[in-house]
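There are 2 protein chains.
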Amino acid sequence: MQRESFSPEGDRAAPISQSLAEFVAGTAFETLPEAVVHEVRRSFLNWIGVALGAAREEPVRMAARVMAQASPAPQATVIGHRLRLDCAGAALVNGVASHLYDFDDTHAASILHPSAPILPACLALAEHLDISGDAFITAYAVGAEVADRIAAAVTPWHNEAGWHVTGTVGTFGAAAAASRLLGLSPAQTVHALGLASTQAAGLREMFGSMAKPLHPGKAAWNGILSARLAAEGFTSASQGLEGRRGFLAVMTPDWAPGPLTEGLGRTFEMVRNRHKPYACGVVTHAAIDAAIEARNRSIDPARVERIDAYVHPLVQELTGKADPRTGLEGKFSVYHCIAVGLIDGRAGPAQFTDTRVSAPEVVELRRKVHLVVDPTMGEEAARLVIHITGGGVEIFAVPSATGSLDRPMSDQALEEKFRMLVEGFVGPKKTQALIDAVWSLGSESSMRELARSIPVVEEI
Amino acid sequence: MQRESFSPEGDRAAPISQSLAEFVAGTAFETLPEAVVHEVRRSFLNWIGVALGAAREEPVRMAARVMAQASPAPQATVIGHRLRLDCAGAALVNGVASHLYDFDDTHAASILHPSAPILPACLALAEHLDISGDAFITAYAVGAEVADRIAAAVTPWHNEAGWHVTGTVGTFGAAAAASRLLGLSPAQTVHALGLASTQAAGLREMFGSMAKPLHPGKAAWNGILSARLAAEGFTSASQGLEGRRGFLAVMTPDWAPGPLTEGLGRTFEMVRNRHKPYACGVVTHAAIDAAIEARNRSIDPARVERIDAYVHPLVQELTGKADPRTGLEGKFSVYHCIAVGLIDGRAGPAQFTDTRVSAPEVVELRRKVHLVVDPTMGEEAARLVIHITGGGVEIFAVPSATGSLDRPMSDQALEEKFRMLVEGFVGPKKTQALIDAVWSLGSESSMRELARSIPVVEEI
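First to last, the protein sequences are chains A and B.
Here the numbering used here is used: the first residue of the first sequence is 1427, the next is one more, and so on.
Here the numbering used here is used: the first residue of the second sequence is 1427, the next is one more, and so on.
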């Protein structure tokens, strides 16, 4: 949530849209830092897993049925389904799937989830146009960079005003990536970014409903529309982002110019992309880490008398639901998170179903959890003091949660997450083939082949 | 721009989305006031003319080519073209066409242009589902009512903050009308309105670019998507409009609850719908009226020495461009408007081309126009004092412009406008057949037949 890597100052009169457009159109694959290229592969792997894992869920199937009514042109794959739709329609459905589990990635200097709106747009167009892996990586890198920077510029005001940054700012990322894949000139890209400005939408009021994952889906759709219109010569304002009545002025009057263009093309926000090991809000992750650590050290849940969980105040504020009734509510209950961490040793989608949330042993254990709010603790830290029945106390302290910038998920941990999400549906062989395809993504890869190799898990 | 018919007070905690949804789902055609039914026919006629007139323009063809890439399902007619697209795609293109000439209608208590976002959604779905004329009228009446009321509730703050109300609020109107045509229950309609809330977009920064007419096109598209998703069971927040982080709070913190539900179902804003006789900003219309009146009284432009135009300050502020270079700039030049009024006796699209704006006799006459800003004049009034070469002064005063609420365009004047827009492309016989079809719109009408009877004016 900090914008620590940018100066708060900057030139508000600088031609921001133009600079971003030149970056999008002009950045060569060869000039991308290796860390960026690698993070694109990581993001892509994580995203396929998340989206394929959610492919059978009802909101995804609803969105797919609507898109199929609208657009049967079989240009691009709907992940996990036999259905192919036009690029924008497929991107919309895949965007819903990407964000449905709240299990996607997060940009550290904002709370943007870059992959959910941008990768669906990239994959759909890359499949349709049969782009190489290099070009795909470049398009995603510049698209995510544009979105990450705009998100940093509007943090925290935009979010506090009630906007869902993944919907609003995601639109710019999808438009930038799509502009790049369609080979737009900087002048056309300025128009695409302008068209993105005026379509950017998404309200936090929707949190807790299916409309939340619709936001990145619509951002992907709007981004592709923006780039396709600009490719036809359709115009927008030349400063849709920074103009007097543009996106920044209207939707975040208190924006900071620094993040937008400072070091653009030299430093990449992609390297500060975070991945979630657990399918719930980031603030619970240190407590889950500690609970899993306790389980790995053979703490028996049946012998736990009481758990005192020392956490930052934000943990209680955001996830203080003591007695969750549904899977969704479970994601907002650090009590439940600690219980499943200790019992199951994981916190994936299976831990946030209605069934698991009401399982007797889980309910019993979470009632033994007591929150101790401690303002001196870091947001990403937690300490569990576990009292054992019949005497004895064990302490598990986590200074930085897995997935934080201090302790990023390893490539191997990301692979394991991917397996957890998809192996059950598609088997180990196809799972490994996908993992290999993503790690080896490069000039030899056909994105069409890759997209069409994603297994079908269910018919609509 | 006034909200004079509503109390400024109201209950912010009332279930607004629910009330609007019940109105949308529950209003019967038989209970619609005759004035509403008639105004729907007028709006529909005016809208077909405006959209068919613009059908050959490049931004419309660009949008159509993009939609054709995206969605070749031949469900609904693109006005003026042989192309049929899926409902939402056709509605997007027709929405662009509707607003391209700035010649559409205006709701008096706001500055919403209701037909441009809502009628394209209605016609596309009505054609696809082959709805009767009655059901079509009802859907448009409730959709426009919802949009008019929300627009009144956010006037003037929303507009002043930089939002283009036809894009943002138009989304609700399209969603409401589409919900009605798809037969959604009130509960489903609440979700459709919530999905509209979170997709509502459109920035005033875009004015002067093609993105402005894209706004109603996107509003129509988003409205259809919202209703189709809700029909599938897709959910949104239950108070997307009025919730703490909903559309009103985030996009117009200073909204007024009165207009939203006061008298809902008993009084209709449709009867305060205004139509433009001239293809330019409303503030110039009284001056154009006066200039046309002067021409009708045989004032010879060649003998004019000087014209003193007494106008409200807003006229200079919004349309004070003394030396326009393009057709678009001509719309923002009351000087040009007065000149073509006096020379051509009209101010249709033909008066706002690049060619007409640089015609020597027009340029010469408009240089003789002098603005006299007079704060005591009404916004809808103008007085031209014309000095004749060799002596003599003629005065033409217009207290209320044609098309104002005090002096609405007659049905006959609306027919003449329609003929001016389309007769040149499709001939008098087809023009008259369309006029007759709209005036007789009712239970016997097949909307599919009507939509498919709209003549083709050009291939994409």
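A virtual CB, placed ideally from N, CA and C, is assigned to each residue, including glycine.
Computed from a predicted model, the values in this text were never measured in an experiment.
No residue range can be given for A1663/A, since it is assigned to no alpha helix (DSSP H) and is classified by DSSP as neither H nor E.
For the options V1697/B, S1611/B, H1584/B and P1881/B, the alpha carbon positioned closest to that of M1677/B is the one of H1584/B.
Within the region 1612-1631 of chain B, H1617, G1620, L1621, S1623, T1624, Q1625, A1626, A1627, G1628, L1629, R1630 and E1631 place their CB atoms closer than 9 Å to a CB of chain A, listed in sequence order. Within the region 1507-1551 of chain B, the alpha helix (DSSP H) runs of at least 4 residues that lie entirely inside it are, in chain order, 1513-1526.
Where E1731/A is concerned, the enclosing beta strand (DSSP E) starts and stops at V1730 to V1737.
Unbroken alpha helix (DSSP H) runs of no fewer than 4 residues, entirely contained in the region 1585-1616 of chain B, are found at 1591-1607, following chain order.
At least 8 Å separates the beta-carbon of A1653/B from that of L1690/B. Between the C-alpha atoms of G1506/A and A1547/A there is a straight-line separation of about 16 Å.
Counting the other CB atoms within 10 Å of its CB gives Q1838/A a total below 16, which places it among the exposed residues. For a cut-off of 8 Å, the C-beta gap from I1814/B to E1731/B is around 6 Å, short enough to register as a contact.
Inclusion of V1737/A and L1797/A in the CB contact set at 8 Å is warranted, their separation being smaller than that value.
The beta carbon of G1771/A is closer than 8 Å to those of I1718, R1721 and N1722 in its chain, skipping five residues each way along the sequence.
A distance of 8 Å or more separates the beta carbons of A1622/B and A1517/B. Separation of the CB atoms of V1568/A and R1606/A is rounded to 6 Å, and the pair is thereby assigned contact status at 8 Å. Restricted to the region 1744-1814 of chain B, the beta strand (DSSP E) segments that are unbroken, complete and at least 3 residues in length are 1795-1799 and 1808-1814, listed in chain order. Cβ-Cβ distances below 6 Å link V1760/B to T1710, A1713, V1741 and T1745 in the same chain, with the five nearest sequence neighbours on each side left out; the list follows chain order. In this model, D1715/A and S1524/A are separated by some 24 Å (Cα to Cα). Under the Cβ distance rule, H1641/B counts among the residues neighbouring chain A, one pair being separated by less than 8 Å.
Shown here for L1655/A: same chain residues with a beta carbon closer than 7 Å to its own, the five before and five after excluded, namely L1621 in chain order.
With a cutoff of 8 Å on beta-carbon distance, N1648/B and Q1614/B are scored as not near each other. Excluding five sequence positions before and after V1882/B, the CB atoms of its chain that fall closer than 8 Å to its own CB belong to G1506, H1507 and R1508, given in chain order. Burial is judged here by how many other beta carbons sit within 10 angstroms of a residue's own beta carbon; K1757/A has at least 16 and is buried. With its beta carbon at least 8 Å from every one in chain A, G1559/B lies outside the interface. When DSSP reads this structure, T1693/A sits in a beta bridge with L1690/A. When secondary structure is reduced to three states using DSSP, S1652/A falls in the helix class. At a beta-carbon threshold of 8 Å, none of the residues of chain A lie near V1572/B; the nearest stands roughly 18 Å away. Per DSSP, the beta bridge partners of L1629/B are W1589/B.
For A1550/B, no Cβ of chain A is located within less than 8 Å of the residue's own Cβ.
Scanning A1600/A, V1591/A, D1528/A and L1810/A for the CA closest to the CA of A1627/A turns up V1591/A.
V1504/A counts as buried, since no fewer than 16 other beta carbons sit within 10 angstroms of its beta carbon. DSSP, read as helix, strand or coil, puts R1671/B in coil. The beta carbons of P1540/B and N1699/B sit about 7 Å from each other, so the pair counts as a contact at 8 Å.
K1638/A is the residue among K1638/A, E1806/A and R1792/A whose C-alpha sits nearest the C-alpha of S1662/B.
Leaving aside the five residues that flank V1788/B on each side, the residues in its chain whose CB is nearer than 8 Å to its CB run, in chain order, H1762, A1765, V1766, I1769 and R1782. Any Cβ of chain B closer than 8 Å to the Cβ of K1856/A would place that residue at the interface, and such an atom is absent.
In the structure shown, the three-state DSSP call for A1502/A is strand.
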